[in-house]
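Student:
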Amino acid sequence: MDPPTFRMPIPVPGELRATPPRAEHVLCALVTEPLTVVLPPVRRRGEEPPSGTGPRRGGLGEGLALSISSGLGALAGLASWLIAARLLPQAQFGLAAAVVSAFMLVGGISQLNLGLALMRWLPVAGRHVGTLVWRSLLVIMPLAGVAGFGYVLAVPALARTAAGPDGPLLAGTAVFTVAAAAWGAFVVHDYVLVAIGRPWWSVWRNGLFAVVRIGLLVVLGSALGAQGVVLSWAGPLVVWIAVGSLVLVVAVRRHARGSTGGTVPSRSEVVGFLGPTWLAQIGNTLLLNQVPLLVILRFGPESGAAFFIAWQATVVVETAATYFTHSLSAACARAPERARELTSSSRRQMLMIFLPLLALGALLAGPGLSIFGPGYTATAEVLRLLLLGQAFRLLVVHELGVRTAAGRGVAYARLHLSSTVLVLLAVVLAPVPAEGGAGAALLPVAWGYVAVQVLCAAHVVLVRVLGRRRAGRPASS
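At position 233 of the sequence shown (counting the first as 1) the number is 233 in the numbering used here, and the numbers step up by one without a gap.
Right under this line is the structure:
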């Protein structure tokens, strides 16, 4: 049974002076992922606290490792689409992008937010690390595979693209299903590596994966068209999951051998965490994947293709910033007494790192888009507006992490889902002009995105100020 203190209203992270030590440890352990309600791990009776869970190096180093790792993946994806746009006719480009986006959507939703859950649970799991890791992967991969199989049966055109013009649909179905299952586990490997103290392994893994995938894209895309693009993603994913799982076997066993005892979450805590956080993860997946699809459907393939490229540039920053905040979970689980310090320093570090990158992106928007061709350069102003909105969204991303840290999963899901719905509404309600180039036609969509992010950021700041006043602290602290 959970201690009664867990039902108390939770103040701003770090202000837990009246809370019993064990409860404070648990609640502070919740101070980190921008993904949701993290419920406290429970120590089994008779078990000793896990060794090696005291303060260690983490925080900024782990955040940078996750940001660089995710940034490499996002940049490699952007480079892949650039190469694909140069190699393939526009129609083939669209078919390939649809397949890759679809299996990423299925795999991302099927992760159930277990990656972030492991970031919270593994640092204090001790000798139970292996059990948590393998049980999670054995849930994610079959679920993603079954969901991918059902998805491709509902949309057989995806199987046709993956199989090639003359290949059997069964082969295309198998490629899509396996790719969805592999993608479901691929990102979770990064979380595991960070949680067991190997954050920079994920950087090398994703960097090498990007190089191999782009190399295969050049070869297979030139020879097989859209099918080659799909295989350049699916093939390395399967290989990386197989090899990465062997690496995890060794790393997890070494980590477990150096620990004694450990705490594990109860079944009710697992369900309580994954429920609202999974909903929030669905919102994040829809934000990154559904927005460009809606633009293509409403504004046509030509304008939609230009927006797709501009949107991918913002996805790079969004993904890296989100991953940066994820490291807070592991850091606070190891040093709960530093929760307030870690929370405030992570916000400051995030703004110092990402605001200059956004400014640089806005400055180079025109030259950067010109690489894709003259039709894409027209959306330079659209890209600048999207990056402006992303600057305000940094505050939202950090607030999501704070709400997760405080165990406020429903509040986290509400903020994430509401911001996603507002962006989707902005796309749906933006007027479609009868004439005009892609740049002018898409400006209402970009301004709508900026307005939503300003509104959400203002809400975050207002809630933070009111919360500090209620806690008796000055708003500037």
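Backbone N, C-alpha and C fix where the C-beta goes; we use that ideal spot for every residue, glycine too.
Every value quoted in this text rests on a predicted model; they were computed, and no experiment measured them.
1. Restricting to Cα atoms, I'd like to know which of L286, I353, P374, A411 is closest to S480.
2. Where does T263 fall in DSSP's three states?
3. Measuring CA to CA, which of R86, V460, V427 is closest to W447?
4. Can you tell me the Cβ-Cβ gap for H386 and Y449, rounded? I've got them flagged as a contact below 8 angstroms.
5. How many Å lie between F299 and P292 at the Cα?
6. Quick one: Cα of R347 to Cα of T319, how far?
7. Distance, Cα to Cα, E341 vs A102?
8. Less than 8 angstroms between the CB atoms is what I'm expecting for V133 and L118, so what's the real figure, rounded?
9. I want to know whether the stretch 181 to 191 touches the stretch 125 to 141 - three or more CB-CB distances under 8 angstroms.
10. Does P236 pass the burial test, meaning 16 or more other C-beta atoms within 10 Å, or should it be called exposed?
11. Grouping DSSP H, G and I as helix and E and B as strand, with all else coil, what is Q111?
12. Between L388 and the rest of its own chain, which residues show a CB-CB distance below 6 angstroms, the 5 nearest in sequence each way excluded?
13. Find out if the Cβ-Cβ distance for the pair L193, W201 is shorter than 8 angstroms.
14. Name the two residues that bound the continuous alpha helix (DSSP H) containing G130.
15. Measure the Cβ-Cβ separation of G361 and T377 and say whether it is below 8 angstroms.
16. Check this for me: beta carbons of G491 and G261, under 8 angstroms apart or not?
17. With a cut-off of 8 angstroms, does the C-beta of F299 fall near any C-beta of chain E?
18. Given this structure, state the Cα-to-Cα distance separating R408 from R120, to the nearest angstrom.
19. I need the DSSP call for G389, collapsed to helix, strand or coil.
20. Using only alpha-carbon positions, find the residue among L455, L112, M350, H128 that is nearest to A147.
21. Within its chain, find whatever has a CB closer than 7 angstroms to the CB of F93; leave out the 5 residues flanking it on each side and keep chain order.
22. For T277, does the three-state DSSP call read helix, strand or coil?
23. Is the stretch 224 to 232 touching the stretch 279 to 286, taking contact as three or more C-beta pairs under 8 angstroms?
24. Between the C-alpha atoms of G77 and L274, what's the straight-line distance to the nearest angstrom?
25. What is the DSSP secondary structure of P356, reduced to helix, strand or coil?
26. Of the residues V252, R384, A321, W81, which one's Cα is nearest the Cα of G221?
Tutor: Inspection of the coordinates gives the following:
1. Since the first residue of the chain shown is 1 and the last is 477, residue 480 is not available in this structure.
2. DSSP places T263 within a strand segment (E or B) once states are collapsed to three.
3. Per the Cα distances, V427.
4. Per the sequence presented here, residue 386 reads as Leu, with His not at that position. Correct: roughly 6 angstroms between the Cβ atoms.
5. So the alpha carbons of these two residues sit roughly 10 angstroms apart.
6. So the two alpha carbons sit approximately 16 angstroms from each other.
7. Distance between the alpha carbons of E341 and A102 is about 40 angstroms.
8. Contact holds; Cβ gap of about 7 angstroms.
9. The stretch 181 to 191 vs the stretch 125 to 141: in contact.
10. Buried, since its Cβ has 16 or more Cβ neighbours within 10 Å.
11. Coil.
12. So the qualifying residues of the chain are V450.
13. In this structure, W201 lies closer than 8 angstroms to L193 by Cβ.
14. Per DSSP, G130 belongs to the alpha helix (DSSP H) from 129 to 154.
15. Contact: no.
16. Past the boundaries of the shown model lies residue 491; the chain is included only from 1 to 477, so the question cannot be answered.
17. Judged by its chain identifiers, the structure shown contains no chain E, having just a single protein chain.
18. So the two alpha carbons sit approximately 14 angstroms from each other.
19. Residue state, collapsed to three classes: helix.
20. It is L112 whose Cα lies nearest to the Cα of A147.
21. Around F93: A84, A85.
22. T277 falls in the helix class under three-state DSSP.
23. Not touching, per the Cβ criterion.
24. Cα atoms of G77 and L274: separation of roughly 28 angstroms, rounded to the nearest angstrom.
25. The DSSP-derived three-state label of P356 is helix.
26. The shortest C-alpha separation from G221 is found at W81.
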